[in-house]
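Numbering (the working numbering), first residue to last: 1192 to 1535.
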């Protein structure tokens, strides 16, 4: 069976929401897609918003890893889409990444409508920032869990509150960092010298030097030949199982707040987990642990266990799926429709 892929839609707008010093670009951006007819939106029919946080933590930019099936479906259902950039490992930690995402959420709540109004040449708000869906896969899946928790924490500490999101779609996240990619930082240099001697000469100074990156296009189809230091670091950090020690800024055991499982409370937003049952990068047990924690806390939660699906199946285009698989029809669409119902 041949599975067709929808045409890639370029974003309508791109905004810088956080300037970053010593950055390869000017800083962190967000890309925005709007349904047709956005100029005619009135106060009574403002658009709900789906926020997408890409995976990789070190290899993707805002628009380069957006699941096109979801973008098309949201737009067809009258929902705007935003994809976020954030600073990337190894030059920042997960806690700084979380600051980037909270800064993006503040921008969305306080400035997105005014910026869109200027570019569209209108005076009214387009987006209903109180009706928000979060989606993320892999590192993005972990990030959406953290963002919802950070919104909750912010609201408990400040007089003014931010609207909590209405629904979370979380695909194959890393939820138990002490049990995966948890070798100490020192092991990266020791093992990389032996495992990748040619690459080592290109990246030995990379974690300490160089500019900060917020958007990097993953070299699809060139994995064996690409010699870009950022890609080589990502590959070697995973191969040496040291990634989390860079991501959390210390060796294991990591702080309790590093685990998304420790952030979930009984007031957590409704969450749908997409588990890749043939995941060889982040074991499926991480998704199962997440669902069990949500259930234990009494959070409205669901899980779809996708047999035969590998890591990244939600984000990868249909053309990358096995010829006998239609993950959109069999698994993804039901979760997206569930989230849409929460904001429509």
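Positions of the beta carbon are idealized from the N, C-alpha and C atoms, including for glycine. Because the structure is a prediction, the values reported are computed rather than measured.
Taking only the alpha-carbon atoms, compute the straight-line gap between residue i and residue j and give it to the nearest angstrom.
i            : j            : result
residue 1462 : residue 1449 : 19 Å
residue 1221 : residue 1206 : 5 Å
residue 1250 : residue 1284 : For residue 1250, the predicted structure reports a pLDDT of 48, less than 50, and the residue's modelled location is therefore unreliable. A value from the coordinates is still provided. Roughly 15 Å between the two C-alpha positions.
residue 1520 : residue 1473 : 24 Å
residue 1234 : residue 1319 : 9 Å
residue 1269 : residue 1470 : 33 Å
residue 1248 : residue 1237 : Residue placement at residue 1248 is poorly supported in this model, since its pLDDT is 49, which falls under 50; the coordinates still yield a value, given next. Computed Cα separation, rounded: 32 Å.
residue 1306 : residue 1260 : 27 Å
residue 1523 : residue 1267 : 16 Å
residue 1525 : residue 1366 : 23 Å
residue 1420 : residue 1350 : 45 Å
residue 1317 : residue 1308 : 8 Å
residue 1385 : residue 1315 : 60 Å
residue 1488 : residue 1304 : 35 Å
residue 1527 : residue 1416 : 36 Å
residue 1228 : residue 1360 : 27 Å
residue 1451 : residue 1400 : 29 Å
residue 1396 : residue 1502 : 30 Å
residue 1334 : residue 1276 : 12 Å
Does the beta-carbon distance from residue i to residue j come in below 8 Å?
i            : j            : result
residue 1271 : residue 1226 : yes
residue 1290 : residue 1375 : no
residue 1368 : residue 1336 : no
residue 1232 : residue 1325 : no
residue 1433 : residue 1387 : no
residue 1485 : residue 1466 : no
residue 1246 : residue 1328 : yes
residue 1481 : residue 1464 : yes
residue 1459 : residue 1495 : no
residue 1208 : residue 1295 : yes
residue 1200 : residue 1263 : yes
residue 1310 : residue 1477 : no
residue 1456 : residue 1348 : no
residue 1558 : residue 1332 : Missing from the structure shown is residue 1558; the chain here goes from 1192 to 1535 and no further.
residue 1322 : residue 1240 : yes
residue 1354 : residue 1281 : no
residue 1230 : residue 1313 : yes
residue 1356 : residue 1330 : no
residue 1431 : residue 1378 : yes
If you drop the 5 nearest sequence neighbours on each side, which residues of the same chain put their C-beta closer than 7 Å to that of residue i?
i            : result
residue 1418 : 1393
residue 1445 : 1368, 1369, 1435 and 1439
residue 1341 : 1289 and 1293
residue 1423 : 1390, 1393 and 1394
residue 1214 : 1402, 1403 and 1405
residue 1224 : 1200, 1202, 1203, 1262, 1266, 1271 and 1272
residue 1506 : 1246, 1256, 1258 and 1328
residue 1287 : 1278
If you follow the beta strand (DSSP E) that residue i is in, where does it begin and where does it stop?
i            : result
residue 1242 : 1238 to 1244
residue 1222 : 1218 to 1224
With respect to the alpha helix (DSSP H) encompassing residue i, which residues constitute its N-terminal and C-terminal limits?
i            : result
residue 1436 : 1434 to 1438
residue 1394 : 1388 to 1394
residue 1528 : 1524 to 1534
residue 1211 : It is not in any alpha helix (DSSP H) - residue 1211 carries neither H nor E in the DSSP assignment.
residue 1456 : Looking at the DSSP string, residue 1456 is not in any alpha helix (DSSP H), and its letter there is neither H nor E.
residue 1428 : 1420 to 1430
residue 1260 : 1259 to 1267
Tell me which same chain residues have a C-beta within less than 6 Å of the C-beta of residue i, skipping the five on either side of it?
i            : result
residue 1427 : 1383 and 1387
residue 1447 : 1453
residue 1196 : Residue confidence for residue 1196 is low, a pLDDT of 48 falling below 50, so the modelled location carries little weight and cannot support an answer.
Excluding the 5 residues flanking residue i on each side, which residues of the same chain have their C-beta closer than 8 Å to its C-beta?
i            : result
residue 1358 : 1324, 1325, 1460, 1461, 1462, 1463, 1529, 1530, 1533 and 1534
residue 1211 : 1217, 1218, 1219, 1278, 1403 and 1405
residue 1352 : 1345 and 1346
residue 1468 : 1475, 1496, 1497, 1498, 1499 and 1500
residue 1492 : 1461, 1462, 1463, 1464, 1482, 1485 and 1486
residue 1429 : 1372 and 1472
*Which runs of the beta strand (DSSP E), 3 residues or longer, sit entirely within the segment 1329 to 1373?*
1358 to 1362
*Could you tell me which uninterrupted beta strand (DSSP E) segments, each at least 3 residues in length, are contained entirely in the segment 1270 to 1336, listed from first to last along the chain?*
1271 to 1275 and 1318 to 1328
*asked:* As an exercise, report each continuous alpha helix (DSSP H) stretch of at least 4 residues that is fully enclosed by the segment 1471 to 1528, in chain order.
replied: 1476 to 1487
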